[in-house]
Amino acid sequence: MADTAKPKGGGTARSTGGRRRSRKGDAPLTDEQPKVLLDYYRQMLLIRRFEERTSQAYTQARIGGYCHLNLGEEATVVGLMTALKDEDYLFTNYRDHGYAIGKGMSPRRVMAELYGRSTGVSRGWGGSMHMYDTETRMLGGYGIVGGQLPLATGAALAVSYRGGDEVVMCQMGDGTTNIGAWHESLNIAALWNLPIVFVVINNFTGMGTTVEMSSAEPELHKRGSAFRIEGVRVDGRDVLAVRDAAADLVERARSEQRPFLLEATSYRMKGHSVVDPAKYRTEEQWAEAKDDQNDPLVLFRARLTEAGVLTEELDSEIAESVKAEVADAADFAENSPHPEVSTLFDYTYATPVANESRRMPADPVFAEQ
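In the working numbering, the protein residues as written are 142 to 510.
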């Protein structure tokens, strides 16, 4: 399909990457440090193998509830997380495992949370969609579509109110751009000049509906123009392009104290969730999603190999190291204890609430007189 992201004149939206097209070559890596490039590659491979192990554990009934994977979005995840400083805040949707690891959470604790164990980042009570860690400043993981937008906007307001130097990044899927919280949050962020970067991960299919069928403006980076928010589209298959685009907007949000919008186009290699067979996709769409030209890991590996940064021997070493780390995370989760049933209500409210119900599922509705 043709690229639909060509800028038209001097508007506030610009494109740095295409959609559903063959790559036209990459910029040379001469200005990049080999150590940094290899670190990006390892992070991407770690997320890929972690999510594959997660899918396996889900089919083995070791993981319950809803579960959404970052398979195919590894370059986008690593590029975005690299652009943030440690003190910056992150809010994501329910497709959050890779972001949790990228923001600095231990793969062990992330996997333990998936397993519902007390050693997990949310003590085992959050699960796949609710990764949360104040130390790394990833403040969720939200299961409701768009639930993170008002909260992220509020966090940016808090930063602005205190005169802080932090930036908030708020990640979401393409379908979120059609709900009320999107319009309300962007409007407030623009009105009050808040330091926040809204990031739309456009994998071309919001659950089971294509972007073109659900959005009157399918070039989603342009949808901030109604609020005079500058938008940029970037090729999510390219970790360096994502890093550079995100770093630019994050630092501008920090220095200019105003919001920005970034759209990253990434292919979703699986269905919407682990159990989604994605029968709504045509054979052509499946082939496109699984094409090596759209696999960020294959593309980056080839690029590093061509540049002489990655050798076959080094690639094997990295692969074995990642395999061992993922296996260790799974073993840690498997051997961690389940939360005590008595702690079920411990984190319902931050402060005590009068008349809070602590009735267990088997308890009678009405107490005996």
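We put the beta carbon where it would ideally sit given N, CA and C, even for glycine.
- residue 343 (DSSP reduced to helix, strand or coil): Looking at residue 343 - three-state DSSP - the assignment turns out to be strand.
- Any alpha helix (DSSP H) of 4 or more consecutive residues that is wholly inside the region 248-331: 248-255, 289-303
- Going by alpha carbons, who is nearest to residue 433 out of 378, 254, 302? 378
- Message: Need the endpoints of the beta strand (DSSP E) that residue 230 sits in, please.
- Response: Membership of residue 230 in the beta strand (DSSP E) is indicated by the continuous run 230-232.
- Give the straight-line distance between the Cα atoms of residue 497 and residue 283, rounded to the nearest whole angstrom. 23 Å
- Message: Which residues does DSSP list as the beta-bridge partners of residue 401?
- Response: 338
- Task: Would you list the residues sitting across from residue 350 in a DSSP beta bridge?
- Result: Answer is 347, bridged to residue 350.
- From what residue to what residue does the alpha helix (DSSP H) around residue 426 run? 424-431 is the span of the alpha helix (DSSP H), which, as asked, contains residue 426.
- Roughly how many whole angstroms lie between the Cα atoms of residue 332 and residue 293? 15 Å
- Roughly how far, in whole angstroms, is the beta-carbon of residue 297 from the beta-carbon of residue 272, given that I think they are within contact range, below 8 Å? The Cβ separation is near 20 Å, so there is no contact.
- Query: What span of residues does the alpha helix (DSSP H) with residue 183 cover, start to end?
  - Reply: 175-200
- Would you call the region 186-205 and the region 225-233 in contact, with 3 or more CB pairs under 8 Å? Of all C-beta pairs linking the region 186-205 to the region 225-233, fewer than three are shorter than 8 Å, placing the two stretches out of contact.
- Identify whether residue 444 lies in helix, strand or coil by the three-state DSSP scheme. helix
- Can at least three beta-carbon pairs, one atom from the region 415-432 and one from the region 385-398, be found at a separation below 8 Å? no
- Message: Going by DSSP in three states, residue 462 sits in which element: helix, strand or coil?
- Response: helix
- What is the C-beta distance between residue 403 and residue 300, in whole angstroms, given that I count them as a contact (C-beta under 8 Å)? In fact, because the Cβ distance is near 18 Å, the residues do not count as touching under 8 Å.
- Give me the Cβ distance between residue 220 and residue 450, rounded to the nearest whole Å; I'm assuming they're in contact under 8 Å. Their Cβ separation, rounded to whole angstroms, is 17 Å, which puts residue 220 and residue 450 out of contact at 8 Å.
- Message: Mapping the DSSP letters down to three states, classify residue 500 as helix, strand or coil.
- Response: coil
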